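Visitor: Can you read through this structure? Questions will come right after.
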Amino acid sequence: MFPIRDDQQPTRTPMVTWALLALNVVVFAFQLGMPDWVLERFYLLYGIVPARITDPQWAWYNGFPGGGWLTFLTSLFIHGGWLHLLANMWTLWLFGDDVEDRLGPGRFLALYLGAGLVAGSVQVLLFPGMTMPTIGASGAVAGVMGAFLLLFPLARIDILVPVFFFFFVWQVPAVFYLPFWFLGEVLSGTLALAVPTFSNVAFWAHVGGFLTGLALVQHLRPEPPVRRARPVEIIHGPGFVILPGR
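The opening residue of the sequence shown carries number 1414 in my numbering; numbering runs sequentially from there.
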C-alpha cells in the first residue's frame, strides 16, 4: 500500500519541506556524477557505519576519520537509488507540508532532524558491529508520519493498493493507515533480526523515527489560543436582567 494524497489543505507555503526536498535532490544529482568506486566511498564516509561509531580501532584500521558522529546528520540526505529517493521525497511532501503548517517551520525542522538522529541511533544500538552504511531520509520521514498521526488522526488518505495485476485506490483515515504501516515495519524488523539476509532495509530505524515523531510533536505543537471571556455587562430593567452572550 502506497499513500498518494491526503485531504488536508495547508494555509501557508511549506518552505522547510521544500528546502529539504531540494537539498535531497541536489545531493542525489551530485551522486549521479560519481564513478562507482567514488560513490561507494561516499556512502561509507557520509552514511552511518555502526562499527565506525562503536569500534574506534576498526574505524582507524579502515581509514575512517574521526568518530563519525556527523554522519548521523549527513546520512539523512543520501539515497541509494531513484526509487529510494522518490519514495522518501514523495512521503515527505505528502505529510510534511501539513505537519509544517501546524508546527511552523522551526519546530518542524527540529522534529524532522530529531527523528532522523534517533533513527540513526537505533540502527547503531541494534547493529553495533555492522560495517555497511545506513543512508536515507526514511527515519526522519517516519518521524513526520508519526507527527501527522497525532495532529491529523481523522485525515483521509488515498492509498494505492495492488491486487494481482490491478491497482485500486482506497481512502482510509490516518488513524488506520499509519498504525498499519508502523506494525508492518515492526514485523519486518523482527523478521530481519531473525533472518539477517531477509532485507537490507533499516526497519528499526523507521520504527525509532516514527515513535520519536509521536513523542516530539506533543511538545512542539503550539498551544491552542486561549479564548478570553468578554466582560459581562449586566443590564437592569423593570423586572428583568439581561446578561449579554459572548
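Backbone N, C-alpha and C define an ideal beta-carbon position, used for all residues, glycine too. From a predicted model like this one, the values you see are computed outputs, not experimental measurements.
My assumption, with CB atoms under 8 Å, is that I1548 sits in contact with P1416. Please give the rounded CB distance.
Guide: Working through the sequence shown from its first residue, we reach residue 1548 at position 135. Working through the sequence shown from its first residue, we reach residue 1416 at position 3. Rounded, the Cβ-Cβ distance is 22 Å, inconsistent with contact.
Visitor: Under a Cβ-count criterion, where at least 16 other Cβ atoms within 10 Å of its own Cβ denotes burial, should P1478 be classed as buried or exposed?
Guide: As a position in the sequence shown, residue 1478 is number 65, starting the count at 1. Classification of P1478: exposed, given that the 10 Å Cβ count is below 16.
Visitor: Is the region 1573–1583 touching the region 1595–1605 in the sense that three or more CB pairs, one from each, lie closer than 8 Å?
Guide: The region 1595–1605 is not in contact with the region 1573–1583.
Visitor: Within its chain, find whatever has a CB closer than 6 Å to the CB of P1463; leave out the 5 residues flanking it on each side and keep chain order.
Guide: Position 50 of the sequence shown, counted from the first residue, corresponds to residue 1463. Correct list, in chain order: V1537, F1540, P1541 and M1543.
Visitor: Decide if the region 1442–1461 is in contact with the region 1487–1497; the criterion is three or more beta carbon pairs, one per stretch, under 8 Å apart.
Guide: Yes, they touch.
Visitor: Quick one: measure Cβ to Cβ for G1509 and G1529, integer angstroms, because I've assumed they're closer than 8 Å.
Guide: Within the sequence shown, numbered from 1, the residue matching residue 1509 stands at position 96. Within the sequence shown, numbered from 1, the residue matching residue 1529 stands at position 116. The Cβ separation is near 13 Å, so there is no contact.
Visitor: Under 8 Å, Cβ to Cβ, is there at least one residue of chain D near A1615?
Guide: This model lacks chain D altogether, as it is built from one protein chain only.
Visitor: With H, G and I counted as helix, E and B as strand and the rest as coil, what does DSSP make of D1420?
Guide: As a working mapping, residue 1420 is identified with position 7 in the sequence shown. Looking at D1420 - three-state DSSP - the assignment turns out to be coil, as it is neither helix nor strand.
Visitor: Are W1506 and L1434 touching if we call contact CB-CB under 8 Å?
Guide: On the sequence shown, position 93 is the one that residue 1506 refers to. On the sequence shown, position 21 is the one that residue 1434 refers to. The answer is yes: Cβ separation under 8 Å.
Visitor: Just to confirm the assignment: which complete alpha helix (DSSP H) runs, minimum length 4, are found wholly within the region 1470–1534?
Guide: Fully enclosed alpha helix (DSSP H) runs of 4 or longer: 1484–1487 and 1495–1516.
Visitor: Please report the residue range of the beta strand (DSSP E) in which V1630 lies.
Guide: Working through the sequence shown from its first residue, we reach residue 1630 at position 217. Careful: V1630 lies outside any beta strand (DSSP E), inside the alpha helix (DSSP H) at F1616 to L1633.
Visitor: Counting C-beta neighbours from all protein chains within 10 Å, is the total for M1447 16 or more, i.e. buried, or is it exposed?
Guide: Looking up residue 1447 in the sequence shown gives position 34. Looking at its Cβ environment, which holds fewer than 16 other Cβ atoms inside 10 Å, M1447 is exposed.
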